[in-house]
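The opening residue of the sequence shown carries number 6 in my numbering; numbering runs sequentially from there. We put the beta carbon where it would ideally sit given N, CA and C, even for glycine. None of these values were measured; they are calculated from a predicted model.
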Amino acid sequence: MIQRRTLVSGTVLGVALLTALTLAGVLNARTTPKPEAPPPAYDANTRTAAQPELEQALLRPADLPKPYVAASKATVRRVLPATEKCAGLLDPTSLVREASARVLPHPDATDQASSELDGPTQLIQLLTTFAGNGAEATLRELRAVGGQCRDFNTVLDDGTPVRVTSTIMRDDGNTYSVKLMLTGGGKTTAGYLTLGRVGQVLSVLRHLGPVEAVAILDPIKLVDLTLSRLTQPR
6 MIQRRTLVSG
16 TVLGVALLTA
26 LTLAGVLNAR
36 TTPKPEAPPP
46 AYDANTRTAA
56 QPELEQALLR
66 PADLPKPYVA
76 ASKATVRRVL
86 PATEKCAGLL
96 DPTSLVREAS
106 ARVLPHPDAT
116 DQASSELDGP
126 TQLIQLLTTF
136 AGNGAEATLR
146 ELRAVGGQCR
156 DFNTVLDDGT
166 PVRVTSTIMR
176 DDGNTYSVKL
186 MLTGGGKTTA
196 GYLTLGRVGQ
206 VLSVLRHLGP
216 VEAVAILDPI
226 KLVDLTLSRL
236 TQPR
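In structure tokens, the structure reads:
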């Protein structure tokens, strides 16, 4: 009889213990927070930007040594005919418009912002957001234009005829830069056309001025500065 009671008591105790352990496991599963899934990795190759972001990324006087100032928005620029492909190296807006029209079925940019800074030299920058692979295709076309337009003649906005020679300074990955030398009107002017891409955004920077003044600024660093403002995760 004692053995039977002991057996029954042991069985009851075992069931109670098993129930307690099971309940504790359930409660623990309910109360222990699950670790949050890590955020998706940021991919600069898919970066896009709307109008406000582009405007915030543009070069500003504070990015340059004094005494650069923002030029008047009322500045009127000559629109280059499509046949003047090489002359487009001096006009970022026409350059991007004509290049994208040649390679894209629907070349309209989704967003665009521009700035013009005047000082010892003149800087014109254009930031454009394209749909799909439009920025990549346009950059590829602009590379081709730079390679074809190594020595050409054109006319400046003020009517001065000039001869322009270009030398490739950098051509790798998403950066392309050519040095420009303009001779005409009894003087020589230097400059750069520098392109940079991050994701779906293309930056075009044209820099012109006296040879000595142009040498002070590094156009590639300026473009990198602009694009760095767009590469921060949202």
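| Check | Outcome |
| --- | --- |
| Ile-173 bridges to which residues according to DSSP? | Val-183 |
| Please report the distance separating the alpha-carbon of Cys-91 from that of Gln-153. | 8 Å |
| Using 10 angstroms around the beta-carbon of Pro-43, count the other beta-carbons present and answer buried if the total reaches 16, otherwise exposed. | The predicted model places Pro-43 with a pLDDT of 46, which falls under 50 and marks its position as unreliable, so this point remains unresolved. |
| Grouping DSSP H, G and I as helix and E and B as strand, with all else coil, what is Ala-218? | helix |
| Here's the rule I'm using: 16 or more other beta-carbon atoms within 10 Å means buried, otherwise exposed. How should Ala-104 be labelled? | buried |
| Taking Asp-176 as the reference, give the member of Asn-158, Leu-198 and Leu-187 with the closest Cα. | Leu-198 |
| Assuming contact is defined by CB atoms lying nearer than 7 Å, are Arg-202 and Ala-140 in contact in what I supplied? | yes |
| Considering only DSSP beta bridges, list what Arg-243 is partnered with. | Any property of residue 243 remains undetermined from this structure, which presents the chain solely from 6 to 239. |
| Which class does Arg-234 belong to by DSSP, given the choice of helix, strand or coil? | coil |
| On the premise that Thr-159 lies in contact with Glu-58, defined as a C-beta separation below 8 Å, what is that separation, rounded to the nearest angstrom? | The pair is not a contact, with the Cβ atoms about 34 Å apart (cut-off 8 Å). |
| By how many angstroms is the C-alpha of Leu-232 removed from the C-alpha of Ala-62? | 7 Å |
| What does DSSP give as the partner residues of Ala-75 in its beta bridges? | Leu-122 |
| Classify Gly-137 as helix, strand or coil using the three-state DSSP reduction. | coil |
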